[in-house]
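Residues 124 to 352 (my numbering) are what the sequence shown spells out, left to right.
A virtual CB, placed ideally from N, CA and C, is assigned to each residue, including glycine.
Treat the numbers as computed from the prediction; the structure is a model and nothing was measured.
This report refers to the structure that appears directly beneath it.
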Amino acid sequence: MNQRISRRDFIAHAGGAIVTISLPGIFVQLMDQENLALAGERRPDGRPRLPPGQQGVKKIIDMGGVEGTAGESDWKLQLHGEVEKPTTLNLNEMLELSQVSVTCDVHCVTGWTLLDSEWSGVRLTTIMELVEIKASARFVTFEAAAGYTSNIPLSEARKQNVILAHRFFGRKLPRPHGAPVRALVPDRYFYKSAKWLEGIRFTARDEPGYWERLGYSNSADPWKEERMQ
124 MNQRISRRDF IAHAGGAIVT ISLPGIFVQL MDQENLALAG ERRPDGRPRL PPGQQGVKKI
184 IDMGGVEGTA GESDWKLQLH GEVEKPTTLN LNEMLELSQV SVTCDVHCVT GWTLLDSEWS
244 GVRLTTIMEL VEIKASARFV TFEAAAGYTS NIPLSEARKQ NVILAHRFFG RKLPRPHGAP
304 VRALVPDRYF YKSAKWLEGI RFTARDEPGY WERLGYSNSA DPWKEERMQ
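Set out below in C-alpha coordinates:
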(Lines of atoms letter the chains of each structure in order from A and count residues from 1; the text may use other names and numbers.)
(Lines give C-alpha, C1' and ligand atoms only; values in the text may rest on other atoms or scores of the structure.)
Protein backbone atom coordinates (compact mmCIF):
# COMPACT_ATOMS: atom_id res chain seq x y z
CA MET A 1 0.00 0.00 0.00
CA ASN A 2 1.38 3.40 -0.93
CA GLN A 3 2.31 5.59 2.03
CA ARG A 4 1.04 8.68 0.25
CA ILE A 5 -2.21 8.54 -1.67
CA SER A 6 -3.43 10.81 -4.44
CA ARG A 7 -6.66 12.40 -3.28
CA ARG A 8 -8.48 11.82 -6.58
CA ASP A 9 -6.58 9.02 -8.29
CA PHE A 10 -9.60 7.56 -10.11
CA ILE A 11 -8.92 5.15 -12.96
CA ALA A 12 -12.37 5.57 -14.49
CA HIS A 13 -14.36 8.79 -14.77
CA ALA A 14 -17.57 7.83 -16.58
CA GLY A 15 -20.71 8.68 -14.61
CA GLY A 16 -22.20 5.68 -12.86
CA ALA A 17 -19.18 3.48 -13.59
CA ILE A 18 -17.51 1.07 -11.24
CA VAL A 19 -14.20 2.70 -10.37
CA THR A 20 -11.05 1.92 -8.41
CA ILE A 21 -8.78 4.27 -6.51
CA SER A 22 -5.21 4.18 -5.24
CA LEU A 23 -6.20 2.65 -1.93
CA PRO A 24 -7.54 -0.88 -2.43
CA GLY A 25 -11.19 -0.35 -3.20
CA ILE A 26 -14.00 -0.64 -5.72
CA PHE A 27 -16.92 1.78 -5.76
CA VAL A 28 -20.02 2.70 -7.76
CA GLN A 29 -19.68 6.33 -8.81
CA LEU A 30 -22.54 8.82 -9.08
CA MET A 31 -23.77 10.06 -12.43
CA ASP A 32 -22.51 13.53 -13.38
CA GLN A 33 -25.94 15.12 -12.94
CA GLU A 34 -26.23 13.60 -9.47
CA ASN A 35 -22.96 15.21 -8.44
CA LEU A 36 -24.13 18.55 -9.83
CA ALA A 37 -27.28 18.38 -7.73
CA LEU A 38 -25.29 17.32 -4.69
CA ALA A 39 -22.95 20.30 -5.04
CA GLY A 40 -25.78 22.67 -4.07
CA GLU A 41 -26.88 20.81 -0.93
CA ARG A 42 -26.05 22.04 2.58
CA ARG A 43 -25.76 20.29 5.91
CA PRO A 44 -27.74 21.55 8.93
CA ASP A 45 -24.55 23.27 10.14
CA GLY A 46 -24.39 25.27 6.89
CA ARG A 47 -21.39 23.49 5.39
CA PRO A 48 -21.72 22.00 1.89
CA ARG A 49 -22.81 18.39 1.98
CA LEU A 50 -19.99 17.42 -0.39
CA PRO A 51 -16.65 18.70 0.97
CA PRO A 52 -14.18 20.24 -1.50
CA GLY A 53 -12.32 17.78 -3.69
CA GLN A 54 -14.75 14.91 -3.04
CA GLN A 55 -16.58 12.65 -5.55
CA GLY A 56 -19.88 11.11 -4.50
CA VAL A 57 -20.27 7.32 -4.67
CA LYS A 58 -23.34 5.16 -4.22
CA LYS A 59 -21.86 1.97 -2.88
CA ILE A 60 -18.62 0.57 -1.50
CA ILE A 61 -17.97 -2.86 -3.00
CA ASP A 62 -14.59 -3.31 -1.36
CA MET A 63 -12.46 -0.94 0.72
CA GLY A 64 -9.38 -3.11 1.21
CA GLY A 65 -7.16 -3.19 4.29
CA VAL A 66 -5.75 -5.89 6.56
CA GLU A 67 -8.60 -7.79 8.21
CA GLY A 68 -8.66 -8.69 11.86
CA THR A 69 -8.82 -12.34 12.87
CA ALA A 70 -11.38 -12.14 15.68
CA GLY A 71 -14.87 -13.46 15.00
CA GLU A 72 -18.05 -12.64 16.90
CA SER A 73 -17.51 -15.39 19.49
CA ASP A 74 -13.96 -14.40 20.48
CA TRP A 75 -14.01 -10.64 19.86
CA LYS A 76 -12.96 -8.47 22.80
CA LEU A 77 -12.75 -4.69 23.17
CA GLN A 78 -10.28 -3.38 25.74
CA LEU A 79 -11.23 -0.01 27.26
CA HIS A 80 -8.31 1.51 29.11
CA GLY A 81 -6.07 4.50 29.70
CA GLU A 82 -7.28 7.59 31.56
CA VAL A 83 -10.38 5.90 32.99
CA GLU A 84 -11.64 5.04 36.45
CA LYS A 85 -13.02 1.64 35.45
CA PRO A 86 -10.88 -0.19 32.87
CA THR A 87 -13.13 -2.73 31.18
CA THR A 88 -13.07 -5.41 28.50
CA LEU A 89 -16.30 -6.03 26.59
CA ASN A 90 -17.30 -9.00 24.46
CA LEU A 91 -19.81 -8.63 21.64
CA ASN A 92 -22.81 -9.74 23.72
CA GLU A 93 -21.96 -7.17 26.37
CA MET A 94 -21.64 -4.53 23.66
CA LEU A 95 -25.09 -5.44 22.34
CA GLU A 96 -26.58 -5.07 25.82
CA LEU A 97 -25.65 -1.37 25.88
CA SER A 98 -27.95 1.35 24.54
CA GLN A 99 -28.06 1.11 20.73
CA VAL A 100 -28.47 3.90 18.17
CA SER A 101 -28.72 4.22 14.39
CA VAL A 102 -26.93 6.90 12.38
CA THR A 103 -27.44 7.93 8.74
CA CYS A 104 -24.55 10.01 7.47
CA ASP A 105 -22.14 10.72 4.62
CA VAL A 106 -18.58 9.47 5.09
CA HIS A 107 -15.58 11.05 3.39
CA CYS A 108 -12.38 9.26 2.41
CA VAL A 109 -9.10 11.15 2.08
CA THR A 110 -8.65 9.55 -1.36
CA GLY A 111 -11.57 11.58 -2.69
CA TRP A 112 -14.78 9.55 -2.43
CA THR A 113 -17.84 10.34 -0.31
CA LEU A 114 -20.35 7.59 0.44
CA LEU A 115 -23.79 9.19 0.68
CA ASP A 116 -26.52 8.32 3.17
CA SER A 117 -24.66 5.41 4.74
CA GLU A 118 -26.62 3.69 7.52
CA TRP A 119 -24.90 2.39 10.65
CA SER A 120 -26.03 0.97 13.99
CA GLY A 121 -24.08 0.53 17.19
CA VAL A 122 -23.16 2.17 20.48
CA ARG A 123 -22.33 5.84 20.93
CA LEU A 124 -18.78 6.45 22.06
CA THR A 125 -20.23 8.68 24.80
CA THR A 126 -21.98 5.59 26.20
CA ILE A 127 -18.60 3.85 26.42
CA MET A 128 -17.11 6.93 28.07
CA GLU A 129 -19.82 6.88 30.73
CA LEU A 130 -19.31 3.15 31.28
CA VAL A 131 -15.59 3.45 32.04
CA GLU A 132 -15.86 6.87 33.72
CA ILE A 133 -13.12 8.77 31.93
CA LYS A 134 -10.86 10.86 34.11
CA ALA A 135 -10.67 14.66 34.00
CA SER A 136 -7.17 14.20 32.56
CA ALA A 137 -8.52 12.49 29.41
CA ARG A 138 -8.24 14.73 26.35
CA PHE A 139 -7.91 12.34 23.40
CA VAL A 140 -9.09 8.95 22.16
CA THR A 141 -6.94 6.36 20.40
CA PHE A 142 -8.70 3.58 18.48
CA GLU A 143 -6.64 0.37 18.51
CA ALA A 144 -7.35 -2.04 15.66
CA ALA A 145 -6.09 -5.17 13.90
CA ALA A 146 -2.49 -5.42 12.65
CA GLY A 147 -1.36 -2.59 14.92
CA TYR A 148 -3.46 0.09 13.19
CA THR A 149 -4.38 3.10 15.32
CA SER A 150 -6.24 6.34 14.75
CA ASN A 151 -6.81 9.28 17.06
CA ILE A 152 -9.41 11.96 17.69
CA PRO A 153 -9.79 14.67 20.33
CA LEU A 154 -12.31 14.10 23.09
CA SER A 155 -14.41 16.97 21.73
CA GLU A 156 -14.94 14.96 18.53
CA ALA A 157 -15.59 11.76 20.46
CA ARG A 158 -18.46 13.46 22.30
CA LYS A 159 -20.45 14.07 19.09
CA GLN A 160 -23.70 12.14 18.89
CA ASN A 161 -22.85 10.69 15.45
CA VAL A 162 -19.61 9.05 16.65
CA ILE A 163 -20.35 5.40 17.32
CA LEU A 164 -18.89 1.92 17.52
CA ALA A 165 -20.73 0.30 14.62
CA HIS A 166 -21.64 -3.37 14.26
CA ARG A 167 -24.35 -3.05 11.60
CA PHE A 168 -24.24 -1.49 8.11
CA PHE A 169 -27.40 -0.77 6.10
CA GLY A 170 -29.44 -2.85 8.53
CA ARG A 171 -27.27 -5.97 8.38
CA LYS A 172 -24.33 -7.26 10.34
CA LEU A 173 -21.20 -5.32 9.46
CA PRO A 174 -19.38 -7.24 6.68
CA ARG A 175 -15.84 -8.42 7.31
CA PRO A 176 -14.33 -6.12 4.62
CA HIS A 177 -15.92 -3.14 6.37
CA GLY A 178 -14.49 -3.91 9.81
CA ALA A 179 -16.58 -6.61 11.50
CA PRO A 180 -17.39 -7.38 14.20
CA VAL A 181 -17.07 -3.73 15.32
CA ARG A 182 -15.51 -0.60 13.85
CA ALA A 183 -15.33 3.06 14.79
CA LEU A 184 -17.44 5.60 12.90
CA VAL A 185 -16.32 9.25 12.98
CA PRO A 186 -18.35 10.84 10.15
CA ASP A 187 -17.05 14.43 10.38
CA ARG A 188 -13.38 13.48 9.87
CA TYR A 189 -11.72 11.75 6.93
CA PHE A 190 -12.49 8.06 7.10
CA TYR A 191 -9.01 6.89 8.13
CA LYS A 192 -10.02 8.08 11.60
CA SER A 193 -12.82 5.44 11.61
CA ALA A 194 -10.69 2.41 12.48
CA LYS A 195 -11.92 -0.99 11.26
CA TRP A 196 -11.63 -4.33 13.14
CA LEU A 197 -11.57 -2.52 16.45
CA GLU A 198 -9.76 -4.20 19.36
CA GLY A 199 -9.33 -1.44 21.92
CA ILE A 200 -10.03 2.16 22.87
CA ARG A 201 -7.48 4.06 24.92
CA PHE A 202 -8.18 7.43 26.52
CA THR A 203 -5.09 9.61 26.82
CA ALA A 204 -4.02 12.93 28.30
CA ARG A 205 -1.79 13.67 25.30
CA ASP A 206 -2.48 13.36 21.60
CA GLU A 207 -0.89 10.28 20.00
CA PRO A 208 -0.94 10.40 16.18
CA GLY A 209 -2.17 7.20 14.58
CA TYR A 210 -0.83 5.00 11.77
CA TRP A 211 -1.59 7.25 8.78
CA GLU A 212 -0.93 10.43 10.74
CA ARG A 213 2.63 9.25 11.42
CA LEU A 214 3.05 8.72 7.67
CA GLY A 215 2.19 12.31 6.86
CA TYR A 216 -1.61 12.47 6.82
CA SER A 217 -3.36 15.31 8.61
CA ASN A 218 -3.83 14.82 12.33
CA SER A 219 -7.02 16.90 12.38
CA ALA A 220 -8.44 15.50 9.08
CA ASP A 221 -11.27 18.01 8.56
CA PRO A 222 -12.82 17.31 5.11
CA TRP A 223 -14.27 20.83 4.76
CA LYS A 224 -10.81 22.33 5.21
CA GLU A 225 -9.28 19.67 2.92
CA GLU A 226 -6.87 18.70 5.68
CA ARG A 227 -5.51 15.67 3.84
CA MET A 228 -1.76 15.91 4.39
CA GLN A 229 0.35 17.62 7.03
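Let me confirm a value: residue i is counted as buried when at least 16 other C-beta atoms fall within 10 Å, else exposed. Which label applies?
i	result
residue 226	exposed
residue 351	exposed
residue 148	Annotation note: pLDDT 45 at residue 148 (below 50); position unreliable, no value reported.
residue 316	buried
residue 283	exposed
residue 301	buried
residue 150	Because the pLDDT at residue 150 is just 49, under 50, the model does not fix this residue reliably, and the value given afterwards should be weighed accordingly. Buried is the call here.
residue 291	buried
residue 170	exposed
residue 307	buried
residue 339	buried
residue 179	buried
Restricting to Cα atoms, I'd like to know which of the options is closest to residue i.
i	options	result
residue 318	267, 336, 333 and 329	267
residue 197	346, 325, 212 and 261	212
residue 202	337, 260, 171 and 312	260
residue 337	314, 293 and 346	314
residue 251	231, 221 and 233	221
Are the CB atoms of residue i and residue j nearer to each other than 8 Å?
i	j	result
residue 341	residue 335	yes
residue 332	residue 273	yes
residue 305	residue 280	no
residue 177	residue 248	no
residue 344	residue 311	yes
In the DSSP output, what is residue i paired with across the bridge?
i	result
residue 227	240
Check the C-beta distance from residue i over to residue j and give it rounded, since I have them as a contact under 8 Å.
i	j	result
residue 246	residue 263	Not a contact, Cβ separation roughly 13 Å.
residue 309	residue 228	7 Å
residue 216	residue 255	Rounded, the Cβ-Cβ distance is 17 Å, inconsistent with contact.
residue 330	residue 200	Incorrect: roughly 18 Å between the Cβ atoms, too far for contact.
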